[in-house]
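This report concerns only the one structure given below.
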Amino acid sequence: MNISFLNKLYIGQVIFFVLLVLGIIPREVATVFAVFLTGYFIFAKTEDSVIFFVRSIPLFVAIPIIDGFDNFNTWRILSLVVFIKWLYESGNLKEILSLRIIKKIPLLALNFRKTDFAWINYILIISALSMILAPDKMLALKRMIYFINLSLIGIVIYYLVQKNIGFLNRIIKNITVPTIIVIIVGFMQLVLTYFIDIYQFMAFWGEGIQCRQFGQEWCDIAVWLGNTWFAYYGEQLSLRMFSLFPDSHSFPIFVLLGLPALLAISIRKLTADPERYDSLKKMIKTRVSLNIVWVALGLLAGILSGTRGIWAASVGVLIIIACVIWWNRKINTDINHKNIFKYLASYMSVFFMLFIIAWPIFVSPQFLLSKGNWNLLSGRIKSIVDFGETSNSQRLTIWDATVKSIYKKPLLGVGIGNYPVILNQDLFLSRAGSSAHNLYLHIAGEIGIIGGLITIWFLWLLFIRSWQAFIKTKDPLNITYFAGTIIFLPWVLIYSLTDVAIFDERAFSLFIISAALIFSQKKTDHYAR
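Position 508, counted from 1, in the sequence shown is what my numbering calls 762; the numbers after and before it change by one each time, with no gaps.
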């Protein structure tokens, strides 16, 4: 299987996706296509299978297996296939079948005890123990399987990059593909709002595209129980861009996690010749690749998602940037690395300036409705600190209930996947988005304080390792990518103080891939060159 065939197959995947979500071909074809992709993953090189998976994250669709069970997504099969194939090729499968690796479980640890990934094992152990207290143990088990399934591709990438450092560059370049696709679809979605009314939009996107992507169960939830697709101002409303995602929260997370890769391919002219561009001033004055347009569009999409937590988290990012710049100066980091980081940090100013463009879009007459209030965007920004606002007050109530639950069940929580119990809700609502609206409280509420603290420590290590990877690498593409992760990964984690949207399968897949790339870099104990 060569790269040319991979590209042709991917074009076929895109065409198939478009025809399917538009209803031109029946959903049953998804099953046939899933079988075909499974065959490709079995016989292709493992590296090619991984690349195809990374490219296709937002394009994987649910398979209509039987009536009442049509939400089993293609990625679940393919991630398992590529993982088993890698196990076989690496010789670990033989160990597993002979039970010699039993001492390294869970997650078939595969030497994770020697890496920062050991913390994932601890989280999984505590999550498994929390199932003892879970009211719905089947729901808890499904949640465990869900996260393990999502993590498999990250494990494979971690070891492939360690074996072949050149594969890192290939992964980075291919992360840009799904990122650009969801940005394009997001703006196509925006354009559509100027030609149809809200009922036509819901019929086309809610009962059409979303049903064919994710299955009837999610479709019913989104259409009849609620969604986050619109910002309401009395009788006036605006689209909250969500692209190919189930909500307007996971979409900007995916885009933010993809921006380091977009920046890496956009400024290669600067990073490839550090002697010529040896100052921040020269970098800023130099025209870079037109790919930089995607970075600006990605930042604008984050604003147009209407997700106030994303907007507010940008302030925290500015503080982190200031701290990193100060620390780089203190330890005398290489001047080229300093300049690249400052250059990327300068794009935060672009983000804030893009609100000027977002403002007329928010107040424009979408869904064939006129808008008389030109202060819609400013009002939504001000509502971030308005604790009396409905959404904010509900969050405070939910946080209070979660803290009280943690106090009552501090050791193992209420059980993984059983969060609705805390709010006295039907457990079915776990799929409809019932959460603590705070990643860290949510985890502590479900699996206990120890599990929550270990998760926070793991994420802190991830940030530290991204910075270490940045100062250590000499590859131009990698320098930019890891510099970008220092900015955009914390952005997502700060935003997670107000939501758990990172648990969406598409957002979490890109997160685990990013984590694998960061941890795959050799650990360094020194902080200066």
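Note that the Cβ used here is the ideal one computed from N, Cα and C, for glycine as well.
**Message:** Once the 5 residues before and after Val439 are set aside, which same chain residues still bring their CB inside 6 Å of it?
**Reply:** By one-based count along the sequence shown, residue 439 stands at place 185. Cβ neighbours of Val439 beyond the five flanking positions: Ser497 and Leu498.
**Prompt:** Which ranges would you report for the alpha helix (DSSP H) in the region 639 to 676 if only whole runs of at least 4 residues count?
**Reply:** Runs found: 644 to 662.
**Prompt:** Taking the Cβ atom as the reference point for each residue, do Ala298 and Ile317 lie within a distance shorter than 8 Å?
**Reply:** Taking the first residue of the sequence shown as 1, we reach residue 298 at position 44. Taking the first residue of the sequence shown as 1, we reach residue 317 at position 63. Their beta carbons are not under 8 Å apart, which means Ala298 does not touch Ile317 by this criterion.
**Item:** Span separating the alpha-carbon of Leu743 from that of Gly512
**Value:** Locating residue 743 in the sequence shown gives position 489, where the first residue counts as 1. Locating residue 512 in the sequence shown gives position 258, where the first residue counts as 1. Whole-angstrom Cα-Cα distance: 10 Å.
**Message:** Does Gly293 pass the burial test, meaning 16 or more other C-beta atoms within 10 Å, or should it be called exposed?
**Reply:** Indexing the sequence shown from 1 puts residue 293 at position 39. Gly293 counts as exposed, since fewer than 16 other beta carbons sit within 10 angstroms of its beta carbon.
**Prompt:** Based on Cα-Cα distance, which residue from Leu731, Ile670, Gly705 and Gln775 lies nearest to Arg719?
**Reply:** Start at 1 with the first residue of the sequence shown, and residue 719 comes out as number 465. Ranking the options by Cα distance to Arg719, first place goes to Gln775.
**Request:** Could you name the residues of the same chain whose beta carbon sits closer than 7 Å to that of Ile359, not counting the 5 residues immediately before and after it, in chain order?
**Result:** To locate residue 359, count along the sequence shown from 1; it is residue 105. For Ile359, the predicted structure reports a pLDDT of 45, less than 50, and the residue's modelled location is therefore unreliable. The matter cannot be settled from this model.
**Message:** Nearer than 7 Å: is that true of the beta carbon of Gln679 relative to any heavy atom of the ligand COA?
**Reply:** The ligand COA is not part of the structure shown, which contains no ligands of any sort.
**Asked** Taking all protein chains shown into account, do 16 or more other C-beta atoms lie within 10 angstroms of the C-beta of Phe271, making it buried, or fewer, making it exposed?
**Response** Position 17 of the sequence shown, counted from the start, is the residue given in the question as residue 271. Classification for Phe271: buried.
**Message:** Which residue marks the beginning of the alpha helix (DSSP H) containing Gln454, and which one marks its end?
**Reply:** Working through the sequence shown from its first residue, we reach residue 454 at position 200. Membership of Gln454 in the alpha helix (DSSP H) is indicated by the continuous run Ile452 to Phe455.
**Asked** What three-state label does DSSP hand Gln490 in the structure shown?
**Response** Taking the sequence shown and counting its residues from 1, the one referred to as residue 490 is at position 236. DSSP places Gln490 in strand when its eight states are reduced to three.
**Message:** Check this for me: beta carbons of Lys596 and Leu534, under 8 Å apart or not?
**Reply:** As a first step, residue 596 is located in the sequence shown; it is residue number 342 there, counting from the start. As a first step, residue 534 is located in the sequence shown; it is residue number 280 there, counting from the start. In this structure, Lys596 sits near Leu534, with a CB-CB distance shorter than 8 Å.
**Message:** Quick check on DSSP: helix, strand or coil for Ala550?
**Reply:** Locating residue 550 in the sequence shown gives position 296, where the first residue counts as 1. Reduced to three states, the DSSP call for Ala550 is helix.
**Message:** Measuring only the C-alpha atoms, how far is Val675 from Val668?
**Reply:** Within the sequence shown, numbered from 1, the residue matching residue 675 stands at position 421. Within the sequence shown, numbered from 1, the residue matching residue 668 stands at position 414. Straight across, the Cα-Cα distance linking Val675 with Val668 is about 7 Å.
**Request:** Please say whether Phe621 and Ile452 have beta carbons closer to each other than 8 Å?
**Result:** Locating residue 452 in the sequence shown gives position 198, where the first residue counts as 1. Locating residue 621 in the sequence shown gives position 367, where the first residue counts as 1. It is a contact, given that the beta carbons lie within the stated cut-off.
**Message:** Do Leu731 and Arg522 count as a contact pair if the criterion is CB distance below 8 Å?
**Reply:** Residue mapping note: residue 522 aligns to position 268 of the sequence shown, counting from 1. Residue mapping note: residue 731 aligns to position 477 of the sequence shown, counting from 1. The answer is yes: Cβ separation under 8 Å.
**Request:** Since I believe His591 is in contact with Ile652 (beta carbons under 8 Å), could you give me their beta-carbon distance rounded to a whole number of angstroms?
**Result:** Taking the sequence shown and counting its residues from 1, the one referred to as residue 652 is at position 398. Taking the sequence shown and counting its residues from 1, the one referred to as residue 591 is at position 337. Actually they do not touch by this definition, with Cβ atoms about 42 Å apart.
**Prompt:** Expressed to the nearest angstrom, what Euclidean distance is found between the alpha-carbon atoms of Ile374 and Leu713?
**Reply:** The residue labelled residue 374 in the question sits at position 120 within the sequence shown. The residue labelled residue 713 in the question sits at position 459 within the sequence shown. For Ile374 and Leu713, the distance between alpha carbons rounds to 10 Å.
**Message:** I'd like to confirm the pairing. Which residues does DSSP put opposite Asn692 in its beta bridges?
**Reply:** Within the sequence shown, residue 692 is the residue found at index 438, counting from 1. Looking at the DSSP output, Asn692 sits in no beta bridge, so it has no partner there.
**Request:** Please classify Phe499: does DSSP put it in a helix, a strand, or coil?
**Result:** The sequence position of residue 499 within the sequence shown is 245, counting from 1. Coil at Phe499, not helix or strand.
**Asked** Between the C-alpha atoms of Phe765 and Gly345, what's the straight-line distance to the nearest angstrom?
**Response** Mapped onto the sequence shown, residue 765 falls at position 511. Mapped onto the sequence shown, residue 345 falls at position 91. Computed Cα separation, rounded: 27 Å.
**Request:** Give me the Cα-Cα distance between Ile767 and Tyr400, rounded to the nearest whole angstrom.
**Result:** Against the sequence shown, residue 767 aligns to sequence position 513. Against the sequence shown, residue 400 aligns to sequence position 146. The alpha-carbon atoms of Ile767 and Tyr400 are separated by roughly 16 Å.
**Prompt:** For Ile435, which residues from the same chain have a beta carbon less than 7 Å from its beta carbon, with the 5 sequence-adjacent residues on both sides left out?
**Reply:** Position 181 of the sequence shown, counted from the start, is the residue given in the question as residue 435. Same-chain partners within the cutoff: Pro312.
**Asked** Applying the criterion that 16 or more other CB atoms from any shown protein chain within 10 Å of the CB defines a buried residue, is Cys473 buried or exposed?
**Response** Looking up residue 473 in the sequence shown gives position 219. It counts as buried.
**Prompt:** Based on Cα-Cα distance, which residue from Leu551, Leu695 and Trp711 lies nearest to Asp654?
**Reply:** Your numbering for residue 654 matches position 400 in the sequence shown. Nearest of Leu551, Leu695 and Trp711 to Asp654, Cα basis: Leu695.
**Message:** By alpha-carbon positions, which one of Val571, Ile564, Pro664 and Gly552 ends up nearest to Ala755?
**Reply:** Within the sequence shown, residue 755 is the residue found at index 501, counting from 1. With distances taken between Cα atoms, Ala755 lies closest to Ile564.
**Message:** Judging by CA-CA distance, which residue of Phe314, Gly702 and Leu383 is the nearest neighbour of Lys658?
**Reply:** Residue numbering aside, residue 658 sits at position 404 when the sequence shown is read from its first letter. The shortest Cα separation from Lys658 among Phe314, Gly702 and Leu383 belongs to Gly702.
**Asked** What residue does the alpha helix (DSSP H) around Leu276 start on, and which one ends it?
**Response** Locating residue 276 in the sequence shown gives position 22, counting from the first residue. Neither: Leu276 is in no alpha helix (DSSP H) and is coded neither H nor E.
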